[in-house]
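Colleague:
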Amino acid sequence: MTNKLMDADEVAAYLGKKKNWVYGEWKRQGLPFVKIGQQLRCRPEKLNEWIDSQEAA
Numbered sequence: 524m525t526n527k528l529m530d531a532d533e534v535a536a537y538l539g540k541k542k543n544w545v546y547g548e549w550k551r552q553g554l555p556f557v558k559i560g561q562q563l564r565c566r567p568e569k570l571n572e573w574i575d576s577q578e579a580a
C-alpha cells in the first residue's frame, strides 16, 4: 500500500498553478494540507476530493 504525500511543488504542478498560489490557498485553509515539521504535505485523495468540491453547480 502506498501512502505518498505530495509536497507543494507536486500540488502546484498537478493543479497547473504556481507554488505561491498553493501556499496562499493553504493559508486561506482552502487546500487540504497537513504540516509535518516545517513542510506542507497533501494526500492525493484529499486533493482530489477538494477539486471535486470546487465544481460549480
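Just remember that my numbering sits 523 ahead of the position in the sequence shown, which is counted from 1. A virtual CB, placed ideally from N, CA and C, is assigned to each residue, including glycine.
1. Please go through the same chain and pick out, in chain order, the residues whose beta-carbon is closer than 7 Å to the beta-carbon of residue 565, but skip the five residues on each side of it.
2. I need the straight-line Cα distance from residue 541 to residue 548, nearest angstrom please.
3. Alpha carbon to alpha carbon, how far is residue 544 from residue 561?
4. Can you tell which of 539, 526, 537 and 550 has the C-alpha that lies nearest to the C-alpha of residue 563?
Modeller: If we stick to the structure as given:
1. 528, 529, 534, 554, 555 and 556
2. 11 Å
3. 18 Å
4. 550
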